[in-house]
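J.:
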Amino acid sequence: MKKLILASIMLLLILAGCSSKDAGVTFIDITQLDEKISNNEDFVVILGQDTCTACLAYKPTLEEVVKNKDVEIYYVQIVSTWSIASKQAVIDYFEEDLGQTVQGTPTTYFIKDGVVEDSVLGEQQYLTILGLLETKGYVQ
1 MKKLILASIM LLLILAGCSS KDAGVTFIDI TQLDEKISNN EDFVVILGQD
51 TCTACLAYKP TLEEVVKNKD VEIYYVQIVS TWSIASKQAV IDYFEEDLGQ
101 TVQGTPTTYF IKDGVVEDSV LGEQQYLTIL GLLETKGYVQ
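When we follow my numbering, the leftmost residue of the sequence shown carries the number 1, and every step to the right adds one.
Printed below as a string of structure tokens:
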């Protein structure tokens with residue numbers, strides 16, 4: 001009986017740990033981003049870097065918005081250990097495929113029907129990003 005209870009508890013812990021929905025932003029790669037664009041979806045995506053201090057400061061604000069407003073925010077993160085070619089491929093995707101000039105990170109992109117409608121450069125305060133999300137119809 002103890003083994004059955006222990007096995008049940010372990011299974012519950014494993015299943016709880018495998019949840020894909022948490023209180024944070026959803027990290028995606030360029031392939032996943034391109035799929036969302038191709039499907040003409042409406043969404044918000046942030047372009048950031050793992051070593052960018054403004055990006056690191058912005059993440060808790062984004063997580064708070066996700067938690068409080070039940071909105072999904074996507075995040076494409078350029079990682080410092082990537083090759084120069086891999087980093088450039090991400091920038092090229094934003095510039096060539098999405099028609100956006102990457103001026104810095106973090107940059108928040110508002111996408112409607114698979115097209116970048118607007119973007120905001122830099123870390124945003126909670127009320128600022130919330131106001132933008134409300135104005136653009138991503139949250140109520």
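For each residue, glycine too, the CB sits at the ideal point set by N, CA and C. Being a predicted model, the structure only gives us computed values, none of them experimental.
Is the Cβ-Cβ distance between residue 94 and residue 44 less than 8 Å?
T.: No.
J.: Starting from residue 129, follow the beta strand (DSSP E) in both directions and report where the run begins and ends.
T.: Run containing residue 129: none in the beta strand (DSSP E); it sits in the alpha helix (DSSP H), 126-135.
J.: For the beta strand (DSSP E) that contains residue 119, what are its first and last residues?
T.: Here the beta strand (DSSP E) through residue 119 covers 115-121.
J.: Taking just the CA atoms, how far does residue 38 sit from residue 113?
T.: When rounded, the distance between both Cα atoms is 9 Å.
J.: Residues in its own chain within less than 6 Å of residue 108 by CB, not counting five upstream and five downstream?
T.: If we look at residue 108 and ignore the five residues flanking it on each side, its Cβ neighbours are 46 and 120.
J.: Is there at least one non-hydrogen atom of the ligand PLP closer than 7 Å to the beta-carbon of residue 42?
T.: Among the components modelled here there is no ligand, and therefore nothing to report on the ligand PLP.
J.: Between which two residues does the alpha helix (DSSP H) holding residue 91 run?
T.: Its alpha helix (DSSP H) spans residues 84-92.
J.: Taking the Cβ atom as the reference point for each residue, do residue 76 and residue 33 lie within a distance shorter than 8 Å?
T.: Their beta carbons are under 8 Å apart, which means residue 76 touches residue 33 by this criterion.
J.: How many angstroms separate the CA atom of residue 74 from the CA atom of residue 25?
T.: Going by the C-alpha atoms only, they are around 6 Å apart.
J.: Which first and last residues belong to the beta strand (DSSP E) in which residue 111 is found?
T.: It spans 107-112 - the beta strand (DSSP E) in which residue 111 sits, taken as one unbroken run.
J.: Just verifying my parser: in three-state terms, what is the DSSP assignment at residue 139?
T.: Correct three-state label for residue 139: coil.
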